Ligand code: MV4
């Protein structure tokens, strides 16, 4: 096991990793930007170093500076958290050449899964259902029209270097497709430096369900069941829960097994997520793999009792998985609400500023993952998420009750947050019934 690792991130996930390391007896080196200087959680690391000015492009994304800190701090491994450098193949390769373990998949596996068209091919080979669409990349307008006429409209053009909803365009007929195709390629080239696109049938009103995986370096792969992340707005998840409500058990079983097959085919090791969409007939289709720890990992931790951060570290250091699939049971329901420094009454406009006071909820079944405290300045430079409120209860209705109670207790004075919006969502009969689709929030509150 490692003696010392670098935590190459900020905010709640940096704190989450520092805490896990502390419990494992691993020393930590933290990094911070000028905007995060003095952040209280940095005191929980053994050492911390400034890596640049406030903008992430000048600090958390500066590979040379992060590597310098790893060298000076004498660490054996780097935990990238999520975002920033977490899925950067170049950074992963540099860690390797500097003989620092990257706590994540190999550069090859990361590169393969980062290319959505290649990942789709891999899924097909693993007999994992994919959305009907193009065989591979679509190079010409006429080829696009041909595929679209075969599968039927509406279709979705997706950038192979995209993901998370970036670089997608819907087309409902030949005319729209022709112009959308060229625009999508130009956009993909500009955004990702890769103009490759492929086509899928557009699935209307899907649910977003993803399977949590753990895979070690010895070929062992297990799943930790699924999360439903359908409660989202503009591709930003708001609420995540496990298990997915109203999902027939045979479909859950099939989907989780499919995810394991795909991860085995990819030679992947690390925690990871296999993302699916479910159509209105509960058919599931592979969408993409997230080759990192995700924001919403706590709901899977709560239902399974497995610490995913500790597991990532153990896997990277070469240990075998300590659990067999048959030992991984999902108990009860866990729900997470993302608390963002945003004003839900002003179109979720970011609302950075000073937190004058914070009252943290507690009690049975409540977990609050946050780095913020009274007097904390929420900087305007990064993602607006400041806390994750997670509850765990035997049943979904009890979990909703606990979450409503915890949201009521949560007091944040000084800035607006999404907490009030969560209370509306959790009280809505469609959410309470369970199984809302990805358009629920926008249909119900934004139109
Ligand atoms: C889709 C889709 C409908 N049909 N693919 C958006 C994020 C990216 N990970 C995949 N996404 C979608 N792919 C087909 N063929 C609808 C979405 C989608 C979506 C997916 C998951 C979570 C939220 C979403 C919101 C809008 C659209």
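Residue numbers (my numbering): 38 to 484.
Where is the CB? At the ideal position from N, CA and C, for every residue including glycine.
Remember, it's a predicted structure, so these values are computed and weren't measured experimentally.
Item to check | Short Cβ contact (7 Å threshold) for residue 43 with residue 123 | outcome: Not in contact: residue 43 and residue 123 (Cβ atoms no closer than 7 Å).
Checklist entry - For residue 49 and chain D, any beta-carbon pair shorter than 7 Å? => result This model lacks chain D altogether, as it is built from one protein chain only.
Checklist entry - Under 7 Å, do residue 208 and residue 192 count as touching if we go by C-beta distance? => result Less than 7 Å divides the Cβ of residue 208 from the Cβ of residue 192.
Next on the checklist: I'd like to confirm the pairing. Which residues does DSSP put opposite residue 234 in its beta bridges?
Outcome noted: As DSSP reads the structure, residue 234 sits in a beta bridge with 196.
Next on the checklist: Relative to the C-alpha of residue 166, which candidate in 237, 467, 429 and 452 has its C-alpha closest?
Outcome noted: Of the candidates 237, 467, 429 and 452, the one whose C-alpha sits nearest the C-alpha of residue 166 is 237.
Item to check | Contacts around residue 434, its chain only, beta-carbon distance under 8 Å, and the 5 residues preceding and following it disregarded | outcome: Taken in chain order, the residues that qualify are 469.
Checklist entry - Would you say residue 142 and residue 39 are within 7 Å of each other, going by their C-beta atoms? => result Contact flag unset, no.
Checklist entry - Are three or more beta carbon pairs between the segment 363-379 and the segment 328-346 nearer than 8 Å? => result Yes, the segment 363-379 touches the segment 328-346.
Checklist entry - Which same chain residues, not among the five before or five after residue 160, have their C-beta less than 6 Å away from its C-beta? => result Answer for residue 160: 167, 299 and 323, listed in chain order.
Next on the checklist: Let me make sure I understand the geometry here. Which of 412, 453, 454 and 95 has the alpha-carbon closest to that of residue 394?
Outcome noted: Answer by Cα proximity: 412.
Next on the checklist: Classify residue 260: buried if its beta carbon has 16 or more other beta carbons within 10 angstroms, exposed otherwise.
Outcome noted: Answer is buried; the Cβ neighbour count reaches 16.
Next on the checklist: Considering only heavy atoms of the ligand MV4, does any lie closer than 6 Å to the CB of residue 75?
Outcome noted: Answer for residue 75: no, Cβ out of range of the ligand MV4.
Item to check | Length of the line joining the Cα atoms of residue 388 and residue 376 | outcome: A straight-line Cα-Cα distance of about 12 Å links residue 388 and residue 376.
Checklist entry - Hey, would you say residue 109 sits closer than 7 Å to residue 96, going by beta carbons? => result Not in contact: residue 109 and residue 96 (Cβ atoms no closer than 7 Å).
Next on the checklist: For residue 482, count the other beta carbons within 10 Å of its own beta carbon; 16 or more makes it buried, fewer makes it exposed. Which is it?
Outcome noted: So residue 482 ends up on the exposed side.
Checklist entry - Can you tell me whether DSSP reads residue 493 as helix, strand or coil? => result It is not possible to answer for residue 493, since the shown part of the chain is limited to 38 through 484.
Checklist entry - residue 330 lies in the beta strand (DSSP E); which residues open and close that run? => result Looking at the DSSP string, residue 330 is not in any beta strand (DSSP E), and its letter there is neither H nor E.
Next on the checklist: Excluding the 5 residues flanking residue 282 on each side, which residues of the same chain have their C-beta closer than 7 Å to its C-beta?
Outcome noted: Here the set comprises 265, 433, 471 and 472.
Item to check | Sequence-distant residues of its chain with Cβ nearer than 7 Å to residue 368 (five each side left out) | outcome: Residues of the same chain with a CB within less than 7 Å of the CB of residue 368, apart from the 5 flanking positions on each side, are 340 in chain order.
Checklist entry - Below 7 Å between beta carbons: does that hold for residue 414 and residue 391? => result A contact, by the Cβ cut-off of 7 Å.
Checklist entry - Is there at least one non-hydrogen atom of the ligand MV4 closer than 6 Å to the beta-carbon of residue 324? => result Under cutoff, so the answer is yes.
Checklist entry - Between residue 314 and residue 246, what straight-line distance do the alpha-carbon atoms span, to the nearest angstrom? => result C-alpha separation (whole angstroms): 6 Å.
Item to check | Pairwise C-alpha distance: residue 455 and residue 378 | outcome: If you draw a straight line from the Cα of residue 378 to the Cα of residue 455, it comes to about 7 Å.
Item to check | Integer Cβ distance of residue 138 from residue 114, believed to fall under 8 Å | outcome: Sure, about 4 Å apart at Cβ, within 8 Å.
Item to check | Cβ-Cβ distance between residue 250 and residue 296 below 7 Å | outcome: Against a cut-off of 7 Å, the Cβ pair of residue 296 and residue 250 comes out as a contact.
Item to check | For residue 116, three-class secondary structure by DSSP | outcome: Three-state result, residue 116: strand.
Next on the checklist: For residue 326 and residue 196, I'd like the C-alpha separation in whole angstroms.
Outcome noted: Pairing residue 326 with residue 196, the inter-Cα distance amounts to about 15 Å.
Checklist entry - Residue range of the alpha helix (DSSP H) that residue 58 falls in? => result Segment 48-61, the alpha helix (DSSP H) holding residue 58.
Next on the checklist: Please report the distance separating the alpha-carbon of residue 355 from that of residue 427.
Outcome noted: Residue 355 and residue 427: Cα-Cα distance of roughly 30 Å.
Checklist entry - So does residue 310 have its beta carbon nearer than 6 Å to some heavy atom of the ligand GTP? => result As presented, the structure is devoid of the ligand GTP, carrying the ligand MV4 as its sole ligands.
Checklist entry - With respect to 6 Å, is the separation between the Cβ of residue 194 and the closest non-hydrogen atom of the ligand MV4 below this value? => result Answer for residue 194: no, Cβ out of range of the ligand MV4.
Next on the checklist: I need the boundaries of the beta strand (DSSP E) containing residue 279, first residue and last residue.
Outcome noted: First-last of the beta strand (DSSP E) with residue 279: 273-279.
Item to check | Rounded straight-line distance, which links the Cα of residue 357 to that of residue 416 | outcome: Rounded to the nearest angstrom, the two C-alpha atoms are 40 Å apart.
Checklist entry - Can you tell which of 90, 286, 172 and 234 has its C-alpha closest to the C-alpha of residue 320? => result Of the residues 90, 286, 172 and 234, the one whose Cα lies closest to the Cα of residue 320 is 286.
Checklist entry - Should residue 237 be counted as a contact of the ligand MV4 given a C-beta to heavy atom distance under 6 Å? => result Yes, the beta carbon of residue 237 sits closer than 6 Å to at least one heavy atom of the ligand MV4.
Checklist entry - Does DSSP put residue 345 in a helix, in a strand, or in coil? => result Annotated three-state conformation of residue 345 is helix, per DSSP.
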